[in-house]
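Some notes on the structure that comes next.
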Amino acid sequence: LTEVFTEPPTHKVILDYMLAGFAHIIPQGLDHILFILGIFLLSTRLKPLAWQATMFTLAHSITLSLSMFNIISLPASIVEPLIALSIAYIGLENIFAHKLNTSRLALVFAFGLLHGLGFASVLADFGMPQHAYASALIGFNLGVEVGQLAILSGAYFAITIWFKNKQHFHNYITVPGSIFIAMTGLYWAWDRFSWTAL
371 LTEVFTEPPT
381 HKVILDYMLA
391 GFAHIIPQGL
401 DHILFILGIF
411 LLSTRLKPLA
421 WQATMFTLAH
431 SITLSLSMFN
441 IISLPASIVE
451 PLIALSIAYI
461 GLENIFAHKL
471 NTSRLALVFA
481 FGLLHGLGFA
491 SVLADFGMPQ
501 HAYASALIGF
511 NLGVEVGQLA
521 ILSGAYFAIT
531 IWFKNKQHFH
541 NYITVPGSIF
551 IAMTGLYWAW
561 DRFSWTAL
């Protein structure tokens, strides 16, 4: 007997890859979670958070798409240590910065480009259906965005509403949280550089 294989419908491809994208953030993507929390810790206000999240989303969507269509490519041995350094930098900057500025937005955008290349590496390993390549890419990216939104909204409602005083938020949440993020990022950078040097 000859088996007949039917290609899954587009909506199923989108849903499957959306779930994969979400899972890459929650619970698998601890490095991306820390970067998102680093963005969150800069300010208790929604506007700075929204601007940073928009820049990060736009940037990683660009490089994820370009990489998956083989327009740009960087080896994981370069991308992964740089992602770790981006986490460390965001953490360190949070300690000394008290408000959003254009240089912060530019850096978040640049770091987002790196994270997009990291997402592309994961998606390439996951595999892509040739009959629904674009649908899978869209689904994965949507899953990543939903994961990021879940982290940001969870952090905002769990922490920010209890700290109406901006200085208290900076002293008791931003500084210790950012120190932890920066130290973790530096450790990951050292570990990943050591691994790639072997």
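Residues are numbered in my numbering as their position in the sequence shown, beginning at 1, plus a constant of 370.
Just so you know, even glycine gets a beta-carbon here, dropped at the ideal spot from N, CA and C.
Of the residues Gly-486, Glu-377, Ser-413 and Leu-411, the one whose Cα lies closest to the Cα of Leu-452 is Gly-486. Considering only Glu-515, Tyr-503 and Phe-563, the residue with the shortest C-alpha distance to Pro-378 is Tyr-503. Excluding sequence positions up to five before and after His-394, its CB lies within less than 6 Å of the CB of Val-492, all in the same chain and listed in chain order. Between the alpha carbons of Leu-389 and Leu-519 lies a distance of about 14 Å. For the 8 Å CB-CB criterion, Met-438 and Ala-490 form a contact. Contiguous alpha helix (DSSP H) elements confined to the region 392-430 occur at 400-410, taking only those with 4 or more residues. Across the set Ala-420, Val-514, Ile-409 and Gly-488, the C-alpha of Gly-488 shows the shortest separation from the C-alpha of Ile-442.
Just so you know, the alpha carbons of Ser-456 and Ala-552 end up roughly 9 Å apart. Using a 10 angstroms sphere on the CB of Asp-401, the tally of other CB atoms reaches 16 or more, which defines it as buried.
No Cβ-Cβ contact shorter than 8 Å links Phe-392 with Ile-409. Residues of the same chain with a CB within less than 8 Å of the CB of Ile-396, apart from the 5 flanking positions on each side, are Ile-403, Gly-517, Ala-520 and Ile-521 in chain order. Assigned with DSSP and collapsed to three states, Met-553 falls in helix. Taken through DSSP and simplified to helix, strand or coil, Glu-515 comes out as helix.
Pro-546 is not a Cβ neighbour of Val-383, given a cutoff of 8 Å. In terms of CA proximity to His-540, Gly-461 leads the group Gly-555, Gln-422 and Gly-461. Per DSSP, reduced to three states, the secondary structure at Gly-488 is helical.
Out of Gly-509, Gln-537, Ala-454 and Ala-528, the CA that lies nearest to the CA of Ser-435 is found in Gly-509.
With respect to the C-alpha of Gln-537, the residue from Asn-511, Ile-465 and Ser-447 having the closest C-alpha is Ile-465. For the 8 Å CB-CB criterion, Leu-411 and Thr-554 do not form a contact. In the DSSP annotation of this structure, the continuous segment of the alpha helix (DSSP H) that includes Gly-461 starts and ends at 446-466.
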